[in-house]
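Enquirer:
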Amino acid sequence: MAAAEASRTSEARRDAVFGRWVVFSPARSRRPTDLKSHNPTNPSPGPGADAPPKPSCPFCAGRESECAPQIFRVPPDGSLPWRIRVIQNLYPALRRDVDPPPVPEAEGDVSSDEPGERAVPGFGFHDVVIETPRHDVRLWDLDAEGVRDVLLAYAERVRQLGEHPAVQYVQVFKNHGASAGASMAHSHSQMLGTPFVPPSVTTRLNCMKEIFDRSGNCSLCEIRPKDILISETPNFSAIVPFAASYPFEIWIIPRQHISYFHEIDQDKALDLGSLLKTMLQKLSKQLNDPPFNFMVHSAPFKISSSCLPYTHWFLQIVPQLSVVGGFELGSGCYINPVFPEDAAKILRELDCSV
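So the sequence shown is residues 4 to 357, counted in our numbering.
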């Protein structure tokens with residue numbers, strides 16, 4: 004394999020969903036199997052790990068009074084111990100207690116916003132999903148049903164935020180590890196409900212619209228995994244995207260065309276929970292528990308129904324293995340030292356059952 008890798012030349016690929024160019028340059032790294040995270044050991048090493056006990060934090064059971072107000076919990080019965088809590092962020096990026104901007108008069112496409120500089124009040128919702136009451140448990144340490152319940156908590160809160168007339172988009176995301184933006188070691192994720200459609204969402208949907216207008220097909224429905232497939236279930240495919248911007252990046256894509264993540268049901272959430280758990284286990288084992296981000300890419304609430312045939316939600320996992328440099332920041336192009344086919348093969352063959 005080493006000789007084959009040495010003979011591979013650089014290649015540029017264009018992504019069909021975000022419209023980005025990515026340069027694949029295997030000469031910039033060692034063998035793909037040698038790529039590991041060099042970040043300090045994560046402060047929450049998992050249950051049963053040989054590590055000193057950690058002090059409890061505001062997200063731990065028994066410290067609820069130190070958190071911002073609770074929105075809801077799982078289970079809802081307050082006489083039972085909680086497994087998941089959805090709370091307000093104590094230090095929100097956007098605030099629910101300021102006046103929202105005017106609501107658009109009618110539905111439109113995602114490119115209908117007026118160009119040029121503009122300022123609106125910093126209205127929005129910034130919430131936290133505490134995924135477990137235990138400080139030493141990571142998301143992928145939960146069983147499939149536990150991950151399912153976290154996903155269903157996301158969906159429930161997204162549905163609630165979608166009922167607010169000023170909220171146009173909700174970004175669900177998880178930061179794991181300090182260098183990936185996590186300020187708390189306790190396993191949690193977040194969501195931001197914004198009164199505007201973020202620019203990367205507009206770019207994504209406009210790019211998918213261009214392909215749909217030419218071919219009549221959804222970009223994600225048309226993906227043929229082949230060498231980039233890691234695993235699949237009855238409802239989802241896990242792939243390393245054809246033009247992955249980051250080494251060992253993973254997309255989990257519904258096999259059925261669905262525009263909105265929050266429409267997920269119990270059975271599909273269990274299927275996704277099992278697959279997401281496996282993908283996070285694989286990344287942790289192969290890459291030495293790397294810092295990572297995952298993001299749910301869904302459709303904005305108020306887009307026209309004519310946009311739905313080319314909008315298709317998916318979950319993106321990005322291990323943080325390198326620093327974004329000046330070329331990436333200046334050009335919007337990324338340099339990836341690992342070809343997607345190589346990353347997919349490594350992850351596909353990795354056994355996490357032992």
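Note that the Cβ used here is the ideal one computed from N, Cα and C, for glycine as well.
With a Cβ-Cβ cutoff of 9 angstroms, do G276 and V131 count as a contact?
Expert: No; because the gap between Cβ atoms is not below 9 angstroms, this pair is not in contact.
Enquirer: Going by beta carbon distance, what residues of the same chain come within less than 7 angstroms of P303, once the five residues before and after it are set aside?
Expert: Excluding sequence neighbours, P303 sits near V113, Q171, Y172, V200 and V204.
Enquirer: Is it buried or exposed for Y94, if we count other Cβ within 10 angstroms and need 16 for buried?
Expert: That one is exposed.
Enquirer: Cα separation between W316 and D146?
Expert: C-alpha separation (whole angstroms): 24 angstroms.
Enquirer: Between which residues of its own chain and F245 is the CB-CB distance below 7 angstroms, once the five residues before and five after are set aside?
Expert: The answer, listed in chain order, is R16, I231 and P343.
Enquirer: For K271, which residues in the same chain have their Cβ closer than 7 angstroms to its Cβ, ignoring the five residues on either side in sequence?
Expert: So the qualifying residues of the chain are N238.
Enquirer: Please work out which residues of its chain come closer than 6 angstroms, Cβ to Cβ, to V123, disregarding the five sequence neighbours upstream and downstream, and give them in chain order.
Expert: Hits under 6 angstroms: P104.
Enquirer: Going by DSSP in three states, D197 sits in which element: helix, strand or coil?
Expert: Just to set this straight, residue 197 is Thr in the shown sequence, not Asp. Looking at T197 - three-state DSSP - the assignment turns out to be strand.
Enquirer: Select from G180, M194 and L195 the residue whose C-alpha is nearest the C-alpha of A188.
Expert: Among G180, M194 and L195, the Cα nearest to that of A188 is on G180.
Enquirer: Exposed or buried, what is A30 when buried is set at 16 or more other beta-carbons lying within 10 Å of its beta-carbon?
Expert: Looking at its Cβ environment, which holds fewer than 16 other Cβ atoms inside 10 Å, A30 is exposed.
Enquirer: Quick test of your reading: S28 and P340, contact by CB under 8 angstroms. State the CB separation rounded to the nearest angstrom.
Expert: Yes, they are in contact, since the Cβ atoms of S28 and P340 sit about 6 angstroms apart, within 8 angstroms.
Enquirer: Could you tell me the boundaries of the beta strand (DSSP E) in which Q174 lies?
Expert: Where Q174 is concerned, the enclosing beta strand (DSSP E) stretches over Y172 to H179.
Enquirer: Less than 7 angstroms between C-beta atoms, sequence neighbours within five positions excluded: which residues of the same chain meet that for A185?
Expert: For A185, where only same-chain residues beyond five positions count, the Cβ hits under 7 angstroms are N178 and H179.
Enquirer: Sort K288, I306 and G328 by Cα distance to W143 and report the nearest one.
Expert: Nearest option by C-alpha distance: K288.
Enquirer: Measuring CB to CB, does V175 end up less than 9 angstroms from S192?
Expert: Yes, Cβ-Cβ distance for V175 and S192 is below 9 angstroms.
Enquirer: Is the CB-CB distance between F126 and A96 below 9 angstroms?
Expert: Contact flag unset, no.
Enquirer: Which partner residues of P382 appear in the DSSP bridge assignment?
Expert: Look at the range of the chain in this structure, 4 to 357, and you will see that residue 382 is not part of it.
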